[in-house]
Amino acid sequence: MSAIAYVLIKRGYDVSGSDLNAGHMSAHLAEEGAMVYMGHAASQVEDAEAVVISTAIHPNNPELMEARKRGIPVLHRSDVLAAVMNAADGVAVAGAHGKTTTSAMISCIAAESGIDPTVIIGGEVSSLGGNARNGAGRFVVAEADESDGSFLKLYPYLAVVTNIEDDHLDHYGTEENIYQAFKQFVGNIKEGGKAVLCFDNAKVRRLAAETDKEVITYGLEGEGADYIARDISYGVDGTSYKLYYKGEFVTEVHLIVPGRHNVLNSMGAFAAAYEMGIATDKILASLKKFGGAKRRFETKGKVNGVWVVDDYAHHPTEIGVTLKAARQTKPERLLCVFQPHRYTRTKLLFSEFCECFKDCDELILTDIYAASEEAIPGVSSMHLAEGIKASTGQEVLYIGKLTKAEEYLERVVRPGDLVMTIGAGDVFKIGEELVRELERNAD
3 MSAIAYVLIK RGYDVSGSDL NAGHMSAHLA EEGAMVYMGH AASQVEDAEA VVISTAIHPN
63 NPELMEARKR GIPVLHRSDV LAAVMNAADG VAVAGAHGKT TTSAMISCIA AESGIDPTVI
123 IGGEVSSLGG NARNGAGRFV VAEADESDGS FLKLYPYLAV VTNIEDDHLD HYGTEENIYQ
183 AFKQFVGNIK EGGKAVLCFD NAKVRRLAAE TDKEVITYGL EGEGADYIAR DISYGVDGTS
243 YKLYYKGEFV TEVHLIVPGR HNVLNSMGAF AAAYEMGIAT DKILASLKKF GGAKRRFETK
303 GKVNGVWVVD DYAHHPTEIG VTLKAARQTK PERLLCVFQP HRYTRTKLLF SEFCECFKDC
363 DELILTDIYA ASEEAIPGVS SMHLAEGIKA STGQEVLYIG KLTKAEEYLE RVVRPGDLVM
423 TIGAGDVFKI GEELVRELER NAD
């Protein structure tokens, strides 16, 4: 929502908005000229010509009810994104995991190459100055949100699919329905456009075989993809690999972001950027200095040999991949604090959650972040802790409150530790407070 608001402001619209809590994004939008209200009230939409909402807005929200009462058009955020993207050559990145980082990489490459893109993504990137950019160039780069099916409103020039998994079953009902939505998304590609697909994912391979659109594939496993990475080297300072296209060596790629998953993300970004007409040397220069998006393996601080990192991962596959990347940095101990996100997801993927933390040395669970959902009887972090212990034999510590989890970490961390906070809620606060306390104690 903040990214869309920023682009609209830059395009000359009068923008106002409301939030329940003041944050840095609200302050940033206010500085750019938005009227920002704290809290929701019917009076705040009286002068609006349109009201834009996200899926998270409850039907009983007073501003939404007032807009409908007054006959003010109500648009979903995806309607506005579609209006911006479909009038240009869109580069839409979709997938259960990796879409924020991949879209951020593409955005940075495009911006730094001089083609002046418009950018609307979910994660903040320091080199972009946030999560949005309004450009005068031909391309609009954006994340395509599959969670509620709204990405089907997009008609991109390039559609990037990082993977297809069984997330958002609360909306789709079945895995086949999820697949069919992605198939339609790729089917929406404009004439002359292409699909950039990760060949390591079985459902995406099926999509590559079934779509009638022109396809470019990338992957690490096997020889079936167009782009292949070989001789991958993981280290404390980053990752490097040799990139091949249809069997021919293209270039060597250097990254400062860790992990196998970021090799894949960078390959998807490379393929998309190349199709956007960006020269290889410019792509490599941007990838080499790409430091990641906010809340994607984001370093919160390094104090007295303790490295504190936060990551937005909230699906079991994402978590497993993130912890493997953490392991590749070779910490003496890997301590993980996980805050489950949504009762429905915790219930539907319970078995997978029980298996995805094997790479951490110590696991702490905090209470579930509800994200506006009602609690489901029998679904809790304590129940999940018991399930993990039964499944893997791991010791799991349940500490419900974030403040208590941070206090525990203060007592037990030691030099050589990598502490990771993981989840899509507000678990990042633990890492921020831990860094402050470690710095205070170091003085």
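Reminder that position 360 of the sequence shown reads as 362 in this note's numbering, one-by-one numbering, no gaps. Idealized CB from N, CA, C, for every residue including glycine. Keep in mind the model is a prediction, meaning the values are calculated, not measured.
Check: Cα-Cα separation between valine 162 and leucine 83, rounded to whole angstroms; Outcome: 17 Å
Check: Alpha-carbon spacing of aspartate 419 relative to alanine 210, whole angstroms; Outcome: 42 Å
Check: Helix, strand or coil at phenylalanine 359 [DSSP, three-state]; Outcome: coil
Check: Proximal residues to lysine 431 (C-beta, below 7 Å), its chain only, five neighbours per side dropped; Outcome: Leu404
Check: Collapsed DSSP secondary structure at aspartate 369 in the structure displayed; Outcome: coil
Check: As assigned by DSSP and simplified to three states, the class of serine 18; Outcome: strand
Check: Backbone CA spacing between arginine 13 and asparagine 136 [nearest angstrom]; Outcome: 8 Å
Check: CA nearest to the CA of glutamate 145, picked from Leu411, Ser374, Glu126; Outcome: Glu126
Check: Assigned secondary structure, aspartate 283 (DSSP; H/G/I helix, E/B strand, else coil); Outcome: helix
Check: heavy atom of the ligand GTP below 8 Å from valine 198 C-beta; Outcome: The ligand GTP is not part of this structure, which contains no ligands at all.
Check: Sub-9 Å separation of arginine 297 and aspartate 283 beta-carbons; Outcome: no
Check: Residues that isoleucine 230 bridges to, as DSSP identifies them; Outcome: Gly221, Tyr246
Check: Through-space distance from alanine 90 to serine 393, alpha-carbon basis; Outcome: 50 Å
Check: C-beta contact flag for phenylalanine 299 and alanine 327 at 9 Å; Outcome: yes
Check: Terminal residues of the alpha helix (DSSP H) in which valine 437 lies; Outcome: 430–444
Check: Threonine 423, enclosing alpha helix (DSSP H) - first and last residue; Outcome: Careful: threonine 423 lies outside any alpha helix (DSSP H), inside the beta strand (DSSP E) at 419–424.
Check: Start and end residues, beta strand (DSSP E) containing lysine 304; Outcome: 300–305
Check: Glycine 172 to threonine 57 span [Cα, whole Å]; Outcome: As written in the sequence, residue 172 is aspartate, which differs from the glycine given in the question. One C-alpha to the other measures close to 13 Å.
Check: Top-ranked residue by Cα proximity to isoleucine 166, from Gly175, Val206, Thr219; Outcome: Val206
Check: Cβ pair glutamate 1, valine 198 closer than 9 Å; Outcome: The chain is shown from 3 up to 445; residue 1 falls before or after that span and cannot be answered.
Check: Local Cβ density within 10 Å of phenylalanine 251, reported as buried at 16 or more and exposed below that; Outcome: exposed
Check: DSSP beta-bridge partners of phenylalanine 2; Outcome: Coverage of the chain is limited to positions 3 through 445, which leaves residue 2 absent and any answer about it impossible.
Check: Start and end residues, alpha helix (DSSP H) containing tyrosine 410; Outcome: 404–414
Check: Neighbour flag for serine 374 against chain D, beta carbons, 9 Å; Outcome: Absent from the structure is chain D; it holds one protein chain and no more.
Check: Expected contact under 8 Å - CB spacing of isoleucine 11 and alanine 36 to nearest Å; Outcome: 6 Å
Check: Boundaries of the alpha helix (DSSP H) in which lysine 348 is found, first to last residue; Outcome: The amino acid occupying residue 348 in the given sequence is threonine; lysine does not appear at that position. First-last of the alpha helix (DSSP H) with threonine 348: 345–350.
Check: Separation of methionine 87 from arginine 329, as counted between CA atoms; Outcome: 38 Å
Check: Extent of the continuous beta strand (DSSP E) run through leucine 266; Outcome: No beta strand (DSSP E) holds leucine 266; the alpha helix (DSSP H) holding it covers 262–277.
Check: Where histidine 30 falls: helix, strand or coil (DSSP); Outcome: helix
Check: Closest Cα partner of isoleucine 321 within the set Ala444, Tyr400, His343, Ser149; Outcome: His343
Check: Assigned exposure category for alanine 15 - 16 Cβ within 10 Å defines buried; Outcome: Note on residue identity: the sequence assigns tyrosine, not alanine, to residue 15. Label assigned to tyrosine 15: exposed.
Check: Straight-line Cα distance separating phenylalanine 359 from valine 429; Outcome: 17 Å
Check: C-beta contact flag for threonine 368 and serine 382 at 9 Å; Outcome: no
Check: Secondary structure of glycine 78, DSSP reduced to three states; Outcome: Sequence inspection shows histidine at residue 78; the glycine mentioned does not correspond to that position. Histidine 78 falls in the strand class under three-state DSSP.
Check: Cβ pair valine 323, methionine 422 closer than 9 Å; Outcome: no
Check: Delimiting residues of the beta strand (DSSP E) encompassing glycine 125; Outcome: 120–127
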